[in-house]
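Q:
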Amino acid sequence: MKLDAMLPGLLVVVACGGGQGARGPVTAAAGAGAGVIAEPPAAAVDPHLEARRAYANPGGMWMPQQMTLPGHAEAFRKLGVQIDPKTLADPLAAPLGAIVRLRGCSASFVSPDGLVVTNHHCVQRALQLNSKPDQNLVEHGFLAKTRADEPSAGPAERVYVAQAFTDVTSAVTGGLADIADPVARKDEVDRRIKQQVAACEKDRPGIRCNVAGYLRGGLFVLIEELEIRDVRLVYVPARSVGNYGGEVDNWRWPRHTGDFAFFRAYVAPDGKPADHAAENVPYRPRHHLKVSDQGVHPSDFVMIAGFPGRTTRTKTALEVQHDVEWFYPYFIDHAKQQYAIAEAHLKSPGETAIKAGVLKQSFQNRLEKVSGVLKGLTTGDLLARKARLDQQVVAWAAAPGRDGHKAAIARLEQLILDEQRTARADFDRQMAFGESQLLSSAIQLTRWAEERAKPDAERKAGYQERDLAPAIASHKQLTKQYDATLDRALFRLALVRALALPPEQRPWLPLLLGVKATAKLDEQLIDRTLDGWYRATRLADEALRLELLQKGTSKSVAASRDPFLRAAQRVWKLYKAEERRADTRAGELILVAPVYADAMREVLGGLLAPDANSTLRITYGTVKAFTPAEAPFTTGAQILEKDTGSEPFDAPAALLAAIRARQFGSYANADGELPVNFLSDLDTTGGNSGSAVLDGRGQLVGLNFDSTIQGVASDVVFDGSIVRKIHVDVRYMLWVMDKVDGADHLIEEMGLRPRL
Ligand code: ARG
Ligand code: ASP
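Letter by letter, the sequence shown follows residues 3 to 758 in our numbering.
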């Protein structure tokens, strides 16, 4: 709407500007400078340019199979996209077949030898792991000159390559309404999902299967992935390039961050996934992306394929209202205290300071995001839009002949209200049980001991044989991350916050602390108790945890004298009772929640993309700044203006010198400037980091790495006029590789030529 209204102005401004705007000082040597582009640019020859400029992105993180919906073909035609959207419907064909999932990030293959490109901020664990006291890779980055120099990125790194997608909705949900007891219904769903996974993984080592739920339980898809577990570090620019601007610029535009890095996937000589080993060879993917050396222009069509984590657009207005009134503010309040703890330990002795730094960054990132979502929802008209859509959904279900829908939605509202009544007590309890890595390990080990006694197929999901190796890996990871001082401080915070609950809402607290239900609880008691626990515990010892994980029995765990295991024992019954309460709820929801999503899809004429759930999605739109007068690109010259010489604005001397000398070669744009980052109106969220940004031919023109804070409420209500995403331009990436870091061999491996 808004965008259409601005249209006439938009056309004038962009057409006059010519190129990519945002100019730093333009020197004579720059060639085609600002005013030089007298002839009308692409507009005259491109009949679709106006349509692209006018495009108001309606949003949508589309499942590949949804790309056959007629609306997309129409949009692609209008935007002048070369490829047919149907080529994006097959997740195993090019280009989607080249898109891979990492743990928590997205990535893609860019060479026939398993070279994987992702974000700099997605490879931090691997850098930490490979750093030595005299070799700080986190700070200086890394470049393997030859394949023999590519070290393991760590035992927990993974590259997941999709092999098959199968709709298993009827197998998972068929006949559920006939099961009267909600817990039994939930158990049945779990059992069916486990069955699907077991059948899929049977006799197929290296294949990992999971069942993903979409549309509030209205659709289930079995996803098979090749799980590559020998992942190696290939090339990462220095921190002062890859995280240029650091936390100051995080979530913000204009941006000048080289947020890219390379891994390589390795497999055994027989082509099967294997643990890291010298004889392993680079994986040969079926598809890899063609890397463009041309980049994109303002208003160009772009799309992203990746793995967005979580959005809540199919929530009801009632749920969103509760989030706005209670959840986000409460979460933010806690997160601020967590942040303060991390900050208070930045100068602590030993490793604590380093770990506090890592924590601080992640608390800050999350805090800013959630604050941005809340602000976005409460300042514009997004909530009103949510309410309107919700009313349409309810009205649709109230029409004659839809009694089933109507009743289901009424029941859903009831369940939501029930949940909201205990939301704070539930949140505080979950934080208290989850904040300490030692307590959550103790609870998890207690569960493993209990489940291991059962036949594999009957065990709770997450505690089967297939889960043992990942559990071992995560305990090894825990050892590297754990810090007693920080663990205690965060645990203490959660317990102290729970003190404020009325005692009847926190029966677990005296149990956990090992005092009588009638005892007076206060901060002193918590401090004394925790002092004792952290002094006596041995659970920080990896060998002990691994021993318990693999051999513990309910008896041996119950006999342990470790204070954290004893605490877990004391709350165990209550813990499981709460879990049952949650299962009851889930068992009720599975019958009614999908109905709401279904009605929403009807209201939207079939064009509803399911909420993000960490599965492969496609979003498309255009390269676009906030206003038509602004440039959607930043330039190298701007780095010179921004650089202060101190962190986080401390670009390497060689990079600054090359920009000063304007050695951009053919990486320059039409104005002779070096493009660094660009904006689009694409629909992404956390998890989309590292996603390939593709042009209309499916070639890689950039990498997604951030969102602008003004638009993050799109997780709840998408508004294409305010949503802007930040990408690193492929030309900047190539230029840094070529001119600054000498990664020529990788440029060649991607099928391009170094030019500087
Ligand atoms: N805000 C981005 C995301 O949510 C980037 C975070 C990493 N970069 C940083 N400067 N903290 O993950
Ligand atoms: N930075 C986010 C990520 O790591 C992406 C985003 O929130 O835009 O996935």
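Beta carbons are placed, not taken as given, at the ideal position from N, Cα and C, and that holds for glycine.
Comparing C-alpha positions only, which one of Gly-674, Ala-471 and Leu-440 sits nearest to Tyr-536?
A: Position 534 of the sequence shown, counted from the start, is the residue given in the question as residue 536. For Tyr-536, the nearest C-alpha among the options comes from Leu-440.
Q: Should Ser-716 and Asn-706 be called a contact, given that it needs their Cβ atoms to be closer than 9 Å?
A: The residue given as residue 716 occupies position 714 in the sequence shown. The residue given as residue 706 occupies position 704 in the sequence shown. Their beta carbons are not under 9 Å apart, which means Ser-716 does not touch Asn-706 by this criterion.
Q: Helix or strand or just coil, what does DSSP make of Met-65?
A: Within the sequence shown, the letter at position 63 stands for residue 65. If DSSP states are grouped into helix, strand and coil, Met-65 belongs with coil.
Q: Which first and last residues belong to the alpha helix (DSSP H) in which Asn-615 is found?
A: What you label residue 615 is simply residue 613 of the sequence shown in a count that begins at 1. Run containing Asn-615: none; DSSP gives neither H nor E here.
Q: Between the C-alpha atoms of Thr-168 and Arg-312, what's the straight-line distance to the nearest angstrom?
A: The residue labelled residue 168 in the question sits at position 166 within the sequence shown. The residue labelled residue 312 in the question sits at position 310 within the sequence shown. Cα-Cα distance, rounded: 21 Å.
Q: Indicate, with yes or no, if the ligand ARG has a heavy atom lying under 8 Å from the CB of Glu-249.
A: Counting from 1 along the sequence shown, the entry for residue 249 is found at position 247. Result yes, Cβ under 8 Å from the ligand ARG.
Q: Where does the unbroken alpha helix (DSSP H) through Arg-494 begin, and where does it stop?
A: What you label residue 494 is simply residue 492 of the sequence shown in a count that begins at 1. Here the alpha helix (DSSP H) through Arg-494 covers 486-501.
Q: Apart from the five residues on each side of it in sequence, which residues of its chain come closer than 6 Å, Cβ to Cβ, to Gly-219?
A: One-based indexing of the sequence shown puts residue 219 at position 217. These residues qualify, in order along the chain: Ile-592, Ala-595 and Pro-596.
Q: Rounded to whole angstroms, what's the CA-CA distance from Glu-590 to Ala-200? Just pull it up for me.
A: What you label residue 590 is simply residue 588 of the sequence shown in a count that begins at 1. What you label residue 200 is simply residue 198 of the sequence shown in a count that begins at 1. Looking at the two C-alpha atoms, the distance is approximately 26 Å.
Q: Might you give, ordered along the chain, the residues of its own chain that have their beta carbon closer than 6 Å to the beta carbon of Arg-103, omitting 5 neighbours on each side?
A: Counted from its first residue, the sequence shown places residue 103 at position 101. Around Arg-103: Tyr-162 and Phe-309.
Q: By Cβ distance, which residues of its chain are closer than 7 Å to Tyr-285, with the 5 residues on each side in sequence left out?
A: Stepping through the sequence shown from its first residue, residue 285 is reached at position 283. Contacts found: Gly-116, Ile-230, Ala-267, Tyr-268 and Val-269.
Q: Comparing C-alpha positions only, which one of Lys-478, Ala-611, Glu-525 and His-74 sits nearest to Arg-547?
A: As a working note, residue 547 is residue 545 in the sequence shown. For the residues Lys-478, Ala-611, Glu-525 and His-74, the minimum Cα distance to Arg-547 belongs to Lys-478.
Q: What are the uninterrupted segments assigned as alpha helix (DSSP H) that are 4 or more residues long and contained completely in the segment 500-558, given in chain order?
A: Listed in chain order, the complete alpha helix (DSSP H) runs (minimum 4 residues) inside the segment 500-558 are 510-515, 525-538 and 544-553.
Q: Considering only their Cβ atoms, is the gap separating Phe-329 from Tyr-622 smaller than 9 Å?
A: Taking the sequence shown and counting its residues from 1, one reaches residue 622 at position 620. Taking the sequence shown and counting its residues from 1, one reaches residue 329 at position 327. Their beta carbons are not under 9 Å apart, which means Tyr-622 does not touch Phe-329 by this criterion.
Q: Does DSSP put Gly-704 in a helix, in a strand, or in coil?
A: Within the sequence shown, numbered from 1, the residue matching residue 704 stands at position 702. DSSP places Gly-704 in strand when its eight states are reduced to three.
Q: Where does Val-233 fall in DSSP's three states?
A: In the sequence shown, the residue the question calls residue 233 occupies position 231. In the structure shown, Val-233 sits in a strand (DSSP, three-state: E or B).
Q: From the DSSP output, in three-state form, read off Gly-248 for me.
A: Here the question's residue 248 lines up with position 246 in the sequence shown. The answer is helix: DSSP assigns Gly-248 an H, G or I state.
Q: Counting beta carbon pairs with one atom in the segment 389-405 and one in the segment 600-614, are three or more of them shorter than 8 Å?
A: Yes, the segment 600-614 is in contact with the segment 389-405.
Q: Quick one: what's Gln-137 bridged to in DSSP?
A: As a first step, residue 137 must be located in the sequence shown, where it is residue number 135. For Gln-137, which the question treats as bridged, DSSP gives the partners Lys-134.
Q: Could you tell me whether the Cβ atoms of Ala-579 and Val-243 are closer together than 9 Å?
A: For the purposes of this step, residue 579 is identified with residue 577 of the sequence shown, where counting begins at 1. For the purposes of this step, residue 243 is identified with residue 241 of the sequence shown, where counting begins at 1. For Ala-579 and Val-243, no; Cβs fall outside 9 Å.
Q: Classify His-729 as helix, strand or coil using the three-state DSSP reduction.
A: Here residue 729 corresponds to residue number 727 of the sequence shown, with the count starting at 1. Residue state, collapsed to three classes: strand.
Q: Gly-382 by DSSP, collapsed to three states: which one?
A: As a first step, residue 382 must be located in the sequence shown, where it is residue number 380. Looking at Gly-382 - three-state DSSP - the assignment turns out to be coil, as it is neither helix nor strand.
Q: Can you tell which of Gly-156, Arg-431, Thr-148 and Asp-458 has its C-alpha closest to the C-alpha of Ala-475?
A: Working through the sequence shown from its first residue, we reach residue 475 at position 473. Ala-475 has its Cα closest to that of Gly-156, out of Gly-156, Arg-431, Thr-148 and Asp-458.
Q: Tell me the DSSP secondary structure of Cys-107 in three-state form.
A: Translated into positions along the sequence shown, residue 107 becomes position 105. Of the three classes helix, strand and coil, the one that applies to Cys-107 here is coil, per DSSP.
Q: Taking Cβ positions, are His-123 and Asn-245 nearer each other than 9 Å?
A: Along the sequence shown, read from residue 1 onward, the residue named residue 123 stands at position 121. Along the sequence shown, read from residue 1 onward, the residue named residue 245 stands at position 243. It is a contact, given that the beta carbons lie within the stated cut-off.
Q: Which ranges would you report for the alpha helix (DSSP H) in the segment 340-394 if only whole runs of at least 4 residues count?
A: Whole alpha helix (DSSP H) segments, 4+ residues: 353-381.
Q: What span of residues does the alpha helix (DSSP H) with Thr-481 cover, start to end?
A: As a working note, residue 481 is residue 479 in the sequence shown. Counting along the chain, the alpha helix (DSSP H) containing Thr-481 begins and ends at 467-483.
Q: Flag this pair as yes or no: are the beta carbons of Ile-306 and Leu-492 separated by less than 9 Å?
A: The residue given as residue 306 occupies position 304 in the sequence shown. The residue given as residue 492 occupies position 490 in the sequence shown. Against a cut-off of 9 Å, the Cβ pair of Leu-492 and Ile-306 comes out as no contact.
Q: What does Ala-267 pair with, by DSSP beta-bridge criteria?
A: Taking the first residue of the sequence shown as 1, we reach residue 267 at position 265. Answer by DSSP bridge pairing, in chain order: Val-233.
Q: Return yes when the C-beta of His-123 is under 8 Å from any heavy atom of the ligand ARG, and no when it is not.
A: As a position in the sequence shown, residue 123 is number 121, starting the count at 1. It does: the Cβ of His-123 is within 8 Å (strictly closer) of some heavy atom of the ligand ARG.
Q: I'd like the span of the alpha helix (DSSP H) that includes Ser-442, first residue to last.
A: Translated into positions along the sequence shown, residue 442 becomes position 440. Unbroken alpha helix (DSSP H) run through Ser-442: 439-454.
Q: In the DSSP assignment, what are the bridge partners of Met-305?
A: Position 303 of the sequence shown, counting from 1, holds the residue named residue 305. Note: Met-305 sits in a beta bridge opposite Tyr-622 and Leu-696.
Q: Under the criterion of a Cβ to heavy atom distance below 8 Å, does Gln-130 qualify as lining the ligand ARG?
A: Counting from 1 along the sequence shown, the entry for residue 130 is found at position 128. No, Cβ of Gln-130 sits at least 8 Å from all heavy atoms of the ligand ARG.
Q: What number of angstroms, rounded off, separates the C-alpha of Arg-206 from the C-alpha of Trp-450?
A: Here the question's residue 206 lines up with position 204 in the sequence shown. Here the question's residue 450 lines up with position 448 in the sequence shown. Their Cα atoms are separated by approximately 24 Å.
Q: So Ile-711 is in the beta strand (DSSP E); what residue range does that whole segment cover?
A: Here residue 711 is taken as the residue at index 709 of the sequence shown, counted from 1. Counting along the chain, Ile-711 falls outside any beta strand (DSSP E), and DSSP gives it neither H nor E.
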